[in-house]
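2 protein chains.
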Amino acid sequence: MDRKPDEATEAAWIGLSRAQRVATATIEARLKAAGLPPLSWYDALWELERAGEAGLRPFELERALLFEQYNLSRLADRLEKAGLVERRAVEADRRGQMLIITPAGRDLRRRMWAIYAPAIQEAVGDRLAAGEAATLAALLGKLA
Amino acid sequence: MDRKPDEATEAAWIGLSRAQRVATATIEARLKAAGLPPLSWYDALWELERAGEAGLRPFELERALLFEQYNLSRLADRLEKAGLVERRAVEADRRGQMLIITPAGRDLRRRMWAIYAPAIQEAVGDRLAAGEAATLAALLGKLA
DNA sequence: CGAAGGTTGATGCAGTTGCATGAAAATAGA
DNA sequence: TCTATTTTCATGCAACTGCATCAACCTTCG
Numbered sequence: 001m002d003r004k005p006d007e008a009t010e011a012a013w014i015g016l017s018r019a020q021r022v023a024t025a026t027i028e029a030r031l032k033a034a035g036l037p038p039l040s041w042y043d044a045l046w047e048l049e050r051a052g053e054a055g056l057r058p059f060e061l062e063r064a065l066l067f068e069q070y071n072l073s074r075l076a077d078r079l080e081k082a083g084l085v086e087r088r089a090v091e092a093d094r095r096g097q098m099l100i101i102t103p104a105g106r107d108l109r110r111r112m113w114a115i116y117a118p119a120i121q122e123a124v125g126d127r128l129a130a131g132e133a134a135t136l137a138a139l140l141g142k143l144a
Numbered sequence: 001m002d003r004k005p006d007e008a009t010e011a012a013w014i015g016l017s018r019a020q021r022v023a024t025a026t027i028e029a030r031l032k033a034a035g036l037p038p039l040s041w042y043d044a045l046w047e048l049e050r051a052g053e054a055g056l057r058p059f060e061l062e063r064a065l066l067f068e069q070y071n072l073s074r075l076a077d078r079l080e081k082a083g084l085v086e087r088r089a090v091e092a093d094r095r096g097q098m099l100i101i102t103p104a105g106r107d108l109r110r111r112m113w114a115i116y117a118p119a120i121q122e123a124v125g126d127r128l129a130a131g132e133a134a135t136l137a138a139l140l141g142k143l144a
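Which chain is which? The protein sequence lines are U and S, in order.
Take 1 as the starting number for the first sequence in the UniProt record's numbering and just add one per residue.
Take 1 as the starting number for the second sequence in the UniProt record's numbering and just add one per residue.
Shown next, in the form of structure tokens:
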């Protein structure tokens, strides 16, 4: 078995690291400049908004976002403290809880999207020709 | 001007985030399991090894690695404390210093590569068909 | 049932990162 | 020259992450 990456594989890995860093830095900078919280807050709020009234269990959100358990637990703390998320007990499992987005959470997510969307366009869309984004997305999908 | 990403652009951005996270997690886990330091140490050691006897100025390494200045300053502290890198004064600019890899640094880098290389193959190479890696690398290159 | 094992979530502590700032030296410009 | 600006690097402090571990509950299986 060939356990050394060939040149193209290595280039893809390095490109993946660098592209993600550059794009993330751009996007996070736009959010910060607008006085908004980081991307991780957006991701969590978006998942919770999509989940609707029912909300999500922390472990579900953890898997959806690929977060470590302790990081999600603490992110939930911060979101709750900021009034963006409500923690609600769940009858079926007394260890558990439901995380439910609040109206303030939905509002913040919307305001973040107003900055986030053009930042994605700037960091990704503007740099790819027509059709390339779809090709890139398909290839990246094979890695995750 | 269209400042909202289209569907493919958004998919590419999300794919970029997730693919990088999954691949990095795999690779870092392999290094940790082997009792080796994180990727950032490898990257720094590799740049310094390529720079040879002359070494690199911290600000050069900072730009090569896309590190924040304070993070590089502290990474250099740790590498020096671990005996992997030597800090040497530079006559031409008395603010500055040269970072020079030590034999122990070269040795560690080599041992890390023995784990890192197959991990890249596992996380990236094995998941792409022939030719796809080169396509992916080219597209990612446009983002950075 | 009842013990063993797995799942869910929180948390103390150490290490790392982000932010703001500072000190020292180099450079530019009047 | 000599003052203002920029560059290079470090660091105190707060926030965040990683690690280990714990407590509570659920599930499985003899």
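Cβ coordinates follow ideal geometry from the N, Cα and C atoms, glycine included.
Since this is a predicted model, take the numbers as computed values, not measurements.
Exercise for the section: Pull up the distance between the alpha-carbon of U:R63 and that of S:A89, whole angstroms please. Expected result: 48 Å
Exercise for the section: Pair every Cβ in the region 101-119 of chain U with every Cβ in the region 10-17 of chain U, then say whether three or more of these pairs are closer than 8 Å. Expected result: no
Practice task
Please report the Cβ distance between S:G55 and S:L99, rounded to the nearest whole angstrom; I am assuming they are in contact, meaning their Cβ atoms lie under 8 Å.
Solution key: 5 Å
Practice task
Could you name the residues of chain S that U:K142 contacts, counting a contact when the two beta carbons are closer than 7 Å?
Solution key: R127, L128
Handout entry: Residue nearest to S:L128 in terms of C-alpha spacing, selected from U:A123, U:Y70, U:G141
Key = U:G141
Handout entry: Cα-Cα separation between S:E47 and S:I101, rounded to whole angstroms
Key = 9 Å
Exercise for the section: Taking only runs that begin and end inside the UniProt domain "HTH marR-type" (1-144) of chain S, name each unbroken alpha helix (DSSP H) of 4 or more residues, in chain order. Expected result: 7-33, 39-51, 58-65, 69-81, 103-123, 132-141
Handout entry: Nearest neighbour of S:L31, chosen from S:F67, S:Y42, S:R21 [CA to CA]
Key = S:Y42
Problem - Distance CB(S:S45)-CB(S:L61) smaller than 8 Å - result: It should be pointed out that residue 45 of chain S corresponds to Leu in this sequence rather than to Ser. Cβ atoms of S:L45 and S:L61: not closer than 8 Å.
Exercise for the section: Under the assumption that U:L143 contacts S:A23 (Cβ atoms under 8 Å), give the Cβ distance between them as a whole number of angstroms. Expected result: 6 Å
Practice task
Within the same chain, show all residues whose beta-carbon is closer than 6 Å to that of U:L79, passing over the 5 residues directly before and after it, in chain order.
Solution key: V85
Practice task
Apply the 10 Å Cβ neighbour rule to S:E68 and answer buried if 16 or more other Cβ atoms are within range, or exposed otherwise.
Solution key: exposed
Handout entry: Under 7 Å from the C-beta of U:I120: neighbouring residues of chain S
Key = P5, T9, E10, W13
Practice task
Could you say which of U:A11, U:E53, U:K4, U:L75 lies nearest to U:L39 if we only look at CA atoms?
Solution key: U:L75
Practice task
Measure from the C-beta of U:R95 to each C-beta in chain S and report whether the shortest distance is under 8 Å.
Solution key: no
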